[in-house]
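Chemist: Structure provided below as structure tokens; questions to follow.
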Amino acid sequence: MPGAKPSGAGKPIVLATVSRTWGETVAVDGLSIDIPAGSFTALLGPSGCGKSTTLRMIAGLENVSSGRILIGGEDVTGRPSAKRDLAMVFQSYALFPHLNVGENIIFGLKVRRVGRTERDRRLARVADLLGLGQLLERKPGQLSGGQQQRVALGRAIIGEKPICLMDEPLSNLDAKLRHEMRVEIRALQQQLGFTMVYVTHDQVEAITMADQVVLLNGGRLEQVASPRDLYEKPATPFAARFIGTPPMNLFPANAFRKLCTAPDFKLGLRPEAMHLEDGGPVNASVRAVEYLGADVLADCEVAGTGFQVRLPASRAFTPGQSVQLGFSPDDLHVFDADTGRRRDDLISEFGALLRS
Amino acid sequence: MPGAKPSGAGKPIVLATVSRTWGETVAVDGLSIDIPAGSFTALLGPSGCGKSTTLRMIAGLENVSSGRILIGGEDVTGRPSAKRDLAMVFQSYALFPHLNVGENIIFGLKVRRVGRTERDRRLARVADLLGLGQLLERKPGQLSGGQQQRVALGRAIIGEKPICLMDEPLSNLDAKLRHEMRVEIRALQQQLGFTMVYVTHDQVEAITMADQVVLLNGGRLEQVASPRDLYEKPATPFAARFIGTPPMNLFPANAFRKLCTAPDFKLGLRPEAMHLEDGGPVNASVRAVEYLGADVLADCEVAGTGFQVRLPASRAFTPGQSVQLGFSPDDLHVFDADTGRRRDDLISEFGALLRS
Amino acid sequence: MTGAGFSFDRVLNTFAAWALALLWVLPLAYAIWTAFHPAAYEARFELLAPLTLDNFVKAWDAAPFARYFLNTFLLVSMILAGQFFLGTLAAFAFARFQFPGRNILFTLVLLQLLVMPDILMVENYQTMRMLNLVDTIPAIALPYIASGFGIFLLRQTFMTIPKELDEAARIEGASVLGVLWRVYIPLAKPTYLAYGLVSVSHHWNNFLWPLIVTNSVDTRPVTVGLSIFSAIDSGVEWSVINAATLMTSGPLLIAFLLFQRQFVQSFMRAGIK
Amino acid sequence: QAVDLQFYFPVAVGGKAADTIQELTDAYVAQNPDVTIDAVYAGSYQDTVAKAITASRGGNPPQLSVILSADMFTLIDEDLIQPFDDYLTSDEDKKWVEGFYPAFMENSQTGGKTYGIPFQRSTPVLYWNKEAFEAAGLDPEVAPATWDEMVEFGKKLTKKDDSGNVTQWGVRIPSSGFPYWLFQGLAIENGAILANADGNKTNFDDPKVVEALQYLVDLSTKHEVMAPGIIEWGATPKAFFEGQTAMMWTSTGNLTNVRDNAPFKFGVAMLPEKAQRGAPTGGGNFYLFKGASDEQNKAAVKFVQWITAPEQSAKWTIATGYVAPRAETWETDTMKAYAADFPAVLVARDQLDFAKAELATYQNQRVTGIFNDALAAAITGQKDAETALKEAQAQADEILSEYR
Amino acid sequence: MKRGIALKRDWIHGWLLLLPAMVFLFAFTHIPAVTTFLNSFFSTPRGRRPAKFIGLSNYERMLDDPVFWKVLWNNVWFAFGTIPVSVGLAIVMALWVNDRLVGRSFVRMAYFTPTVLPLIAVANIWMFFYTPGFGLVDQITGALFGWPASNYLGNPDTALNAIIVVTVWKEAGFFMIFYLAALQAIPVTLKEAAQIEGAGRWTIFWRITFPLLMPTTLFVCVNAVINSFRLVDHIFILTDGGPDNASALLLFYIYEVAFRFWETAYGATLTVALLVLLSLLAIGQFFFFDRKVHYK
Ligand SMILES: Nc1ncnc2c1ncn2[C@@H]1O[C@H](COP(=O)(O)OP(=O)(O)OP(=O)(O)O)[C@@H](O)[C@H]1O
Ligand SMILES: Nc1ncnc2c1ncn2[C@@H]1O[C@H](COP(=O)(O)OP(=O)(O)OP(=O)(O)O)[C@@H](O)[C@H]1O
Ligand SMILES: [Mg+2]
Ligand SMILES: [Mg+2]
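Chains as they are written, first to last, in our numbering: chain W, 1 to 356; chain Y, 1 to 356; chain C, 1 to 273; chain E, 1 to 404; chain U, 1 to 296.
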């Protein structure tokens with residue numbers, strides 16, 4: 001917020017081989033992450049992969065089964081939440097049902113005995129930012145889902161803490177509001193300089209907002225990278241398919257006759273990386289077409305492997321039709337089929353082979 | 001589900017000038033909608049516009065302040081939920097905390113005394129479909145947000161009711177799962193033929209799944225149309241800007257010198273409808289660039305009006321740079337600035353003028 | 001693992017909780033002390049005082065306790081079942097239905113809390129005689145079966161149960177009673193346990209009305225046996241009274257020890273995560 | 001066809017009593033197949049009255065019940081009982097009635113009719129701790145015989161520790177619950193009678209009563225030989241056993257208890273005299289309830305005669321410590337053997353010669369309640385003895401005037 | 001209209017659900033209570049003199065009755081002495097016991113004992129505690145501070161307070177059970193959210209837990225008010241109302257009048273007075289607060 005002084009710049013967070021188990025269930029498994037001070041880190045991963053659990057451990061709401069957590073260089077592993085000086089938006093909002101919207105938002109300020117005028121000033125600003133101005137007197141039970149989520153958001157950002165944790169804070173907002181909020185949150189974070197850890201299942205959010213993305217899979221770290229790197233150089237087939245909608249197409253190398261000598265590799269190509277090219281290297285047949293507005297998503301097949309291509313909506317495709325597709329060799333991704341590791345060294349070789 | 005016989009095809013739903021108010025607040029305001037039997041209707045609109053309330057009135061959970069609701073031709077306005085024979089996914093899931101996942105899902109079957117073997121058979125299938133197989137013994141409190149949402153989904157679809165209401169059922173799922181679920185839900189609906197009313201804030205969902213989209217704004221009906229029509233022929237500037245991400249750009253007609261004779265109109269152009277074209281009619285300067293993966297989103301300005309364009313990520317843009325953009329006249333939308341109505345009759349005229 | 005301030009707080013709380021607990025358990029501790037020692041040690045607390053079971057023998061011999069236990073057991077089961085049944089239905093009506101006369105009827109329920117049943121003893125005796133129930137266990141139970149306390153308590157609990165769960169069940173086709181049975185009752189389990197414990201111990205220990213409305217060994221509850229020792233013409237014999245007390249309320253204490261684990265089990269809290 | 005009788009009895013002295021009554025009833029029924037008797041334990045005296053009245057009003061009275069002798073007027077007033085006289089017509093029967101100690105009969109007859117037959121009756125006596133007497137330099141075999149002696153002994157027996165806290169009091173006259181009863185001992189000794197035989201006039205403000213009360217108050221305030229404040233009845237035997245007091249006044253019903261539990265040698269004596277010896281009687285009588293058939297009443301009377309007969313009465317007395325109400329009982333071999341073994345039981349019997357009726361009037365509980373409050377007020381120093389008693393008398397007059 | 005039907009259905013459901021309970025309530029409470037009320041306008045029937053209508057005489061007598069005023073005043077003092085303390089303690093106990101605490105089972109059991117032990121026994125035990133000289137309180141105060149023996153129950157200044165202590169002991173453990181059940185129903189996330197906001201235990205309690213416990217507090221308070229006029233059983237054994245009515249409460253006095261003096265009509269009159277008083281206090285309290293307590 002303009003004019004508001006950062007209450008202290010962000011603090012770095014370090015997770016050192018942190019695990020969390022419930023009986024048999026391993027929710028988080030030996031996770032080590034470095035979150036630099038003032039950075040915006042997105043936690044990304046499929047449902048149930050341990051994002052919320054990780055966040056809750058940072059917040060001190062969940063016990064750590066093993067490993068250590070450091071905030072600002074201090075070991076806070078056993079420290080209660082109240083002493084960690086951070087803010088959080090809960091996936092389930094966790095609004096106080098007996099307090100009205102305004103009281104919910106300024107709850108933390110009251111706890112910290114921030115003066116009344118200061119409180120009112122900040123509340124007005126946050127309410128304005130989140131479009132809650134008309135609703136300040138309502139009880140949470142009288143709000144729509146999205147409105148509740150905004151109240152939760154307001155409660156987290158009003159405190160201007162050095163660390164802010166958000167668990168899917170925008171999942172119930174419509175696209176427009178979501179886009180606005182994304183911009184606002186990012187701006188706020190950069191302006192105040194706090195450290196943000198942001199759980200989301202929406203990669204657009206992760207990619208547009210984050211400085212670094214932490215990709216989790218089944219409680220394990222899959223990849224940490226900048227959004228661009230994650231998109232352009234996914235380290236594993238999982239990362240490759242997880243990031244990008246529709247997901248990257250993966251072909252066994254022998255789906256292409258020219259590569260049948262290299263069956264131990266998987267080739268990746270994003271749907272938007274392929275385009276219609278008469279005489280292109282990929283000769284596919286269209287199975288189905290999904291209308292997306294600006295484009296269509298064509299479900300195609302080559303040598304028994306299904307894949308998707310984003311094609312301009314301006315041309316009409318019918319199922320059964322056969323299309324020829326091309327791509328630039330730079331857009332190719334190669335993975336070792338056994339280890340699952342990326343093989344950048346092979347890209348140009350394979351690309352050349354295919355286009356030959 | 002293959003092999004399962006539809007328990008009766010879908011039933012049509014009719015809302016006749018339905019309103020709902022709480023004291024001063026008007027949540028739904030004289031809404032009339034026709035939902036054909038077996039159709040997939042999406043309710044779309046900004047946060048707090050009355051989507052959930054509408055759905056709850058159809059379900060019989062909310063009293064109707066005025067107006068009537070008909071299901072299958074019968075007036076059900078005063079009929080209790082249990083007798084309306086429909087299924088529903090709640091925005092907040094509403095899972096029974098004392099029952100485990102399996103019991104939650106088969107709750108309705110038990111109520112209706114469906115035999116044990118049949119129950120088990122259906123449960124196995126639904127659990128499989130939703131990837132909940134491992135979690136059937138867990139209590140809702142031991143699930144992640146996305147898992148909870150899937151349980152709620154399972155509870156709604158297992159009953160194979162003639163009507164299914166869903167309130168943002170996928171908001172907490174990751175993109176991949178979401179995409180899968182979208183396809184599954186749609187397939188299920190078409191196969192069983194039930195009538196679906198689907199609340200979402202995600203237009204991609206609305207557009208890809210629905211037969212018709214109902215767009216609400218502030219409790220009022222904004223437009224009912226097929227997804228393609230809604231996207232291609234938004235009836236109002238609100239509809240135009242609400243559908244499509246990033247939203248359609250709206251220019252006052254006099255932003256273009258060639259149209260300064262027609263100040264009473266607004267011109268709309270989608271970000272993806274504009275492309276780089278040397279000597280194109282729009283001469284804009286780039287203000288900022290946002291990286292989206294396959295493309296970049298450029299924030300540009302022309303004659304004091306900001307707008308956005310989707311441009312290929314392959315070219316680099318720097319703020320301050322000046323670009324020339326073109327578009328096809330078919331992609332132009334014209335709205336009356338006063339009434340807010342669409343003016344299809346003017347499109348070719350204005351298009352020609354601009355390209356001249 | 002825990003920080004210093006944190007654990008200090010903990011220690012202080014633990015200490016206070018224990019101090020209070022010791023204070024609270026004193027009467028029971030005293031009862032145990034006297035019951036197992038000869039009367040001479042009623043007021044002298046010596047570590048090496050001789051132990052004895054004589055007090056229990058004396059108490060047990062004073063009345064046909066085996067039969068009394070059976071009667072009491074039947075009595076409290078009957079009352080509890082009735083109270084749960086009637087209370088649940090009524091509380092549900094008050095918590096979730098709008099109907100004319102609701103406030104008046106609820107006032108009548110609250111009034112029952114105020115009216116002490118003993119005051120109405122003479123009238124109720126007449127009713128029992130009219131029903132030809134004098135000297136039966138149902139006669140002891142009937143006046144307590146509709147409990148204002150229970151209705152009030154369950155209503156308060158039902159009202160805290162999230163409305164959506166009710167709605168979800170109704171959508172699934174559950175009838176009014178189905179919703180009650182499948183949603184409200186399971187979610188109010190801690191309250192039922194609490195109320196059950198309280199109701200059972202109250203009626204287990206109730207004395208005057210059972211004494212008046214019954215005449216025979218076949219119907220009388222244990223308290224009647226116990227009361228023989230509380231008559232104090234010859235001075236209080238704490239050791240025997242306390243032995244009798246422990247003997248009669250022993251089953252209650254054991255039941256509580258068994259149930260308390262369940263009672264504080266957090267099955268509900270996990271749910272609303 | 002056997003006659004059915006229902007008979008309520010209270011228990012005020014612990015577990016044995018109920019068993020004994022049951023045994024006696026069973027024996028009787030075994031001997032007399034023409035009756036069945038349902039002996040119903042009905043709680044304390046209070047509970048028994050409540051049960052009897054509730055049942056009667058509910059249309060279901062017992063035929064026979066043991067209830068406090070002092071409640072006679074209340075039961076008459078409630079019209080619940082009938083005199084025994086109608087069924088005691090033969091000369092033999094009349095002689096039988098005369099066989100009870102007159103002191104017990106004072107509370108059992110009014111208006112020339114016999115309403116109650118004494119059964120579980122008692123009277124207060126003085127118990128003393130012989131070892132404490134010895135320690136205080138007194139003759140352990142001699143109890144105080146007069147009020148003055150009691151004060152004098154008491155002073156010697158009152159012991160204090162270094163910090164001035166009393167560790168042993170001289171005497172203990174309990175004053176909780178029903179203080180009028182023991183106080184009545186003092187009043188009678190001073191020559192005062194608290195209520196007339198018709199139960200419609202009290203003499204609470206009689207100067208002799210005031211004097212007696214003053215004496216009681218002085219014991220703790222002036223002479224400091226008794227603990228101040230209200231003294232708990234129920235804890236008194238325990239206090240005696242614990243050496244908290246060297247003498248105590250309490251019912252003969254405690255004899256067995258004291259014999260079993262006192263860890264020292266003790267003596268039992270009549271209450272000390274002032275103008276005369278004296279003590280109130282107490283305890284329960286048999287009453288014959290209205291609403292029964294003639295056969296039932298006859299059978300009930302027969303049963304009462306049987307259970308008060310020497311053999312049964314002896315058994316009862318030995319089991320409970322109550323005073324056998326007929327002189328002939330004391331002549332039985334069982335009783336003689338018992339008394340020889342435990343001579344203290346004779347004290348109560350001998351004291352009966354000086355005993356007077358327990359305070360009993362119409363609306364008895366209310367009137368004694370008023371009197372109790374007055375005593376408590378004086379004992380706790382809220383009022384002086386005279387005002388307290390004057391006020392009590394005024395209130396009692398108001399209540400009783402309608403019965404004159 | 002259709003909406004009307006929906007409402008009517010609610011009515012019928014409501015009434016049907018209530019019917020069984022109401023039958024019993026009426027049969028065993030309300031009808032007898034009305035008879036009692038009517039009796040207050042008649043004289044007490046004594047065997048030979050049937051009841052006759054005497055209008056308000058009983059009420060006049062009540063207003064002139066010094067004992068009535070005394071016990072009423074005692075009762076007010078008793079209510080102020082017991083309600084806040086026992087409710088406060090109940091909350092604290094429930095919080096402790098709901099927490100992870102060393103030896104929680106024992107502590108919980110200890111707090112629960114008052115509910116399990118029958119009053120007859122409890123009263124006798126407390127009588128021993130209070131007994132001058134060798135009683136437990138005197139033994140402890142004597143050993144620790146060298147205090148002289150004190151006659152708590154036999155002294156008009158302390159008798160009522162001694163009874164208050166016993167009542168608090170009994171009530172706090174009893175109410176704790178309901179708070180314990182209510183604590184189970186509070187979602188943990190709310191506490192977590194408050195912790196994140198930097199709230200300490202104290203703040204969480206005052207701003208979150210306590211407000212969310214309000215429905216239970218209302219329940220407990222209504223019951224506490226009622227009990228403060230109702231719990232008299234132990235008085236019979238401990239002091240029997242004495243000395244000189246110093247520890248008699250209104251209901252105790254009613255008992256005395258009705259079941260010792262057998263003045264049922266005057267007892268009925270006093271009962272009516274008690275009911276009116278309690279209705280004003282407890283039911284008034286309920287209807288005043290109920291709306292505020294449930295935020296839905
Ligand atoms: N109980 C209530 N009392 C008062 N206003 C209410 C109540 N419930 C909902 N509202 C208001 O009614 C309007 C519509 O709410 P509704 O829940 O239908 O919105 P929605 O379209 O589902 O929004 P979202 O996408 O955020 O879930 C909102 O402005 C909301 O604040
Ligand atoms: N209390 C619990 N007991 C057992 N397992 C649990 C518990 N809480 C969470 N889990 C499991 O731990 C895993 C990780 O849960 P978590 O909530 O961190 O997932 P998530 O990544 O946030 O998923 P989502 O995107 O669906 O919210 C899940 O498989 C979940 O089922
Ligand atoms: Mg999560
Ligand atoms: Mg909604």
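No residue lacks a Cβ here, since even glycine has one placed at the ideal position from N, Cα and C.
Can you give me the Cβ contacts of C/A4 inside the same chain, cut-off strictly under 7 Å, excluding the 5 residues immediately before and after it?
Modeler: Per-residue confidence for C/A4 stands at a pLDDT of 39, beneath the threshold of 50, marking its modelled position as unreliable; no derived number is given.
Chemist: Please determine, among U/N98, U/V97, U/L238, U/R61, the residue with the shortest C-alpha to C-alpha distance to U/T167.
Modeler: It is U/L238.
Chemist: Does the distance from the CB of U/G135 to the CB of E/A246 come in under 9 Å?
Modeler: Result no, Cβ atoms of U/G135 and E/A246 do not sit closer than 9 Å.
Chemist: Going by the C-beta, is Y/N219 closer than 8 Å to any heavy atom of ligand 4?
Modeler: At residue 219 of chain Y the sequence reads Gly, which differs from the Asn that was named. The answer is no for Y/G219.
Chemist: Let me know the alpha helix (DSSP H) ranges lying completely inside the segment 76-153 of chain W, each 4 residues or longer, listed in chain order.
Modeler: Runs of the alpha helix (DSSP H) inside the segment 76-153 of chain W: 101-105, 107-111, 116-130.
Chemist: Curious, which full-length beta strand (DSSP E) runs of at least 3 residues does the segment 249-327 of chain Y contain?
Modeler: Runs found: 249-252, 265-269, 274-276, 282-291, 295-302, 305-312, 322-327.
Chemist: Within this structure, are the beta carbons of E/A195 and E/V367 separated by less than 9 Å?
Modeler: Yes. Within cutoff.
Chemist: Say yes only if the C-beta of W/D211 is nearer than 8 Å to one or more non-hydrogen atoms of ligand 2, and no if none qualify.
Modeler: Not under cutoff, so the answer is no.
Chemist: On the DSSP bridge list, what partners appear for Y/Q223?
Modeler: Y/L215, per the DSSP bridge assignment.
Chemist: Would you identify the three-state DSSP class for E/D139, choosing helix, strand or coil?
Modeler: E/D139 falls in the coil class under three-state DSSP.
Chemist: Any beta-carbon of chain C closer than 9 Å to the one on Y/D85?
Modeler: Cβ-Cβ to chain C under 9 Å: yes for Y/D85.
Chemist: At the 9 Å Cβ level, is Y/P140 part of the contact set with chain W, yes or no?
Modeler: No, Y/P140 lies away from the interface with chain W (no Cβ there is under 9 Å from its Cβ).
Chemist: When every heavy atom of ligand 3 is checked, does at least one fall within less than 8 Å of the C-beta of U/V165?
Modeler: U/V165: no, Cβ never under 8 Å from ligand 3.
Chemist: Assess contact between the segment 107-114 of chain C and the segment 22-34 of chain U, defined as three or more Cβ pairs (one per stretch) separated by less than 8 Å. Is contact present?
Modeler: They touch, by the three-pair rule.
Chemist: Establish whether the CB of E/I67 and some CB of chain U are separated by less than 9 Å.
Modeler: So, not an interface residue.
Chemist: Any C-beta of chain W within less than 8 Å: which residues of the segment 196-218 of chain U qualify?
Modeler: Within the segment 196-218 of chain U, the residues whose Cβ lies closer than 8 Å to some Cβ of chain W are I196, E197, G198, A199, G200, T203, R207, I208, P211, L212, M214, listed in chain order.
Chemist: Between the alpha carbons of E/G418 and E/A355, how many angstroms are there, rounded?
Modeler: For chain E, the structure presents residues 1 to 404; residue 418 of chain E sits outside this window and is missing.
Chemist: Tell me, please, whether the segment 203-219 of chain Y touches the segment 40-56 of chain Y by the rule of three or more beta-carbon pairs shorter than 8 Å.
Modeler: These segments touch.
Chemist: So the candidates are C/S77, C/V122, C/A39; which of them puts its Cα closest to the Cα of U/W262?
Modeler: If we check each option's Cα against that of U/W262, C/V122 comes out closest.
Chemist: What is the C-beta distance between W/D85 and W/P162, in whole angstroms, given that I count them as a contact (C-beta under 8 Å)?
Modeler: Their Cβ separation, rounded to whole angstroms, is 6 Å, which keeps W/D85 and W/P162 in contact under 8 Å.
Chemist: What residue from E/F9, E/E131, E/I76, E/Q351 has the CA that sits closest to E/N200's CA?
Modeler: If we check each option's Cα against that of E/N200, E/I76 comes out closest.
Chemist: Listing by chain order, which chain U residues have their CB less than 9 Å from the CB of W/P252?
Modeler: Chain U residues near W/P252: none, gap ~46 Å exceeds 9 Å.
Chemist: Within 10 angstroms of the Cβ of Y/E160, are there 16 or more other Cβ atoms? Answer buried if so, exposed if not.
Modeler: So Y/E160 ends up on the buried side.
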